[in-house]
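Colleague: Numbering (this note's numbering), first residue to last: 1 to 213. By construction, the Cβ of each residue, glycine as well, lies at the ideal position given by its N, Cα and C atoms. Model, not experiment: these values are computed from the prediction.
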């Protein structure tokens, strides 16, 4: 997402961090190893109001630095395989700006953040924006799939009606067809976590997202 917005983060052994503020909903830093040094990590980002950190191991305390916990979540893992029941829905990968825009508008639901998903995202060969389609061809559900070594990351799961339980079958069908034999991973919290578990995911560890201001 940062590359699509012409931003370049920096990887070090303990964390990825962006020296400039990242797009809305995306963290300014993500820890990659436990026991990261909080002060050194925060020195690599803009720590003004709105700064956020994905604490991938839920082992940081950023309260002394003016942050609060935005939410607690669980990493989730699902073994490779088809959804438990046929979806009965068509799906497609957004492969042009118009299809991506239709997906983004459906995902956004009128909140004003559809422009987050820029056409530049389509140039990334490891990102697949998946739409579940209604009978008349409208985007009814969807997710973003991110292919990496050995797993497929799943994020931005949504459904226009029926909540995550309506989205997961079509999303998992797309994962199964696009990446046969590859497990799916992601993170969720609250009712979204409960829905993921109902569709075959297992919680495998905590994470925490911190917000300043």
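Assign residue 148 to buried or exposed, taking buried as 16 or more other Cβ atoms, counted over all protein chains shown, within 10 Å of its Cβ.
Modeller: If you number the chain shown from 1, residue 148 lands on position 148. The residue in question, residue 148, is exposed, as its Cβ has fewer than 16 Cβ neighbours within 10 Å.
Colleague: Hey, out of 22, 13 and 14, whose CA is closest to residue 6's CA?
Modeller: The residue you call residue 6 lines up with position 6 of the chain shown. Answer by Cα proximity: 22.
Colleague: So, is residue 124 buried or exposed, given that buried needs 16 or more other C-beta atoms within 10 angstroms?
Modeller: Against the chain shown, residue 124 aligns to sequence position 124. Under this definition residue 124 is an exposed residue.
Colleague: Compute the Euclidean distance between the alpha carbons of residue 104 and residue 155, then round it to the nearest angstrom.
Modeller: Start at 1 with the first residue of the chain shown, and residue 104 comes out as number 104. Start at 1 with the first residue of the chain shown, and residue 155 comes out as number 155. Computed Cα separation, rounded: 13 Å.
Colleague: When you compare only the Cα positions, how much space is there between residue 85 and residue 169?
Modeller: The residue given as residue 85 occupies position 85 in the chain shown. The residue given as residue 169 occupies position 169 in the chain shown. Spanning the two alpha carbons is a distance of roughly 7 Å.
Colleague: Determine which residues share a DSSP beta bridge with residue 31 and list them.
Modeller: Here residue 31 refers to the residue found at position 31 when the chain shown is read from its first residue. 15, per the DSSP bridge assignment.
Colleague: Can you say whether residue 164 is buried or exposed, counting buried as having 16 or more other CB atoms within 10 angstroms of its CB?
Modeller: On the chain shown, position 164 is the one that residue 164 refers to. By the 10 Å Cβ count, residue 164 comes out buried.
Colleague: So, for residue 39: in the same chain, excluding its five sequence neighbours on each side, which residues have a beta-carbon less than 8 Å away from its beta-carbon?
Modeller: Taking the first residue of the chain shown as 1, we reach residue 39 at position 39. Once the five neighbours on either side are set aside, the close Cβ partners of residue 39 are 65.
Colleague: On the three-state DSSP scale, how would you describe residue 78?
Modeller: As a first step, residue 78 must be located in the chain shown, where it is residue number 78. It is a strand residue.
Colleague: Should residue 52 and residue 31 be called a contact, given that it needs their Cβ atoms to be closer than 8 Å?
Modeller: Taking the first residue of the chain shown as position 1, residue 52 is located at position 52. Taking the first residue of the chain shown as position 1, residue 31 is located at position 31. In this structure, residue 31 does not lie closer than 8 Å to residue 52 by Cβ.
Colleague: Give me the Cβ distance between residue 189 and residue 83, rounded to the nearest whole Å; I'm assuming they're in contact under 8 Å.
Modeller: Here the question's residue 189 lines up with position 189 in the chain shown. Here the question's residue 83 lines up with position 83 in the chain shown. About 22 Å; that fails the 8 Å criterion.
Colleague: If we ignore side chains and look at the alpha-carbon of each, how far apart do residue 92 and residue 81 end up?
Modeller: Reading the chain shown from its first residue, position 92 is the one you call residue 92. Reading the chain shown from its first residue, position 81 is the one you call residue 81. Whole-angstrom Cα-Cα distance: 19 Å.
Colleague: So what does DSSP say about residue 173, is it helix, strand or coil?
Modeller: Against the chain shown, residue 173 aligns to sequence position 173. Looking at residue 173 - three-state DSSP - the assignment turns out to be helix.
Colleague: Judging by CA-CA distance, which residue of 130, 46 and 197 is the nearest neighbour of residue 76?
Modeller: As a working note, residue 76 is residue 76 in the chain shown. Looking at the Cα atoms, 197 is the closest of the given residues.
Colleague: Between the beta-carbon of residue 3 and the beta-carbon of residue 19, is there less than 8 Å?
Modeller: On the chain shown, position 3 is the one that residue 3 refers to. On the chain shown, position 19 is the one that residue 19 refers to. No, Cβ-Cβ distance for residue 3 and residue 19 is not below 8 Å.
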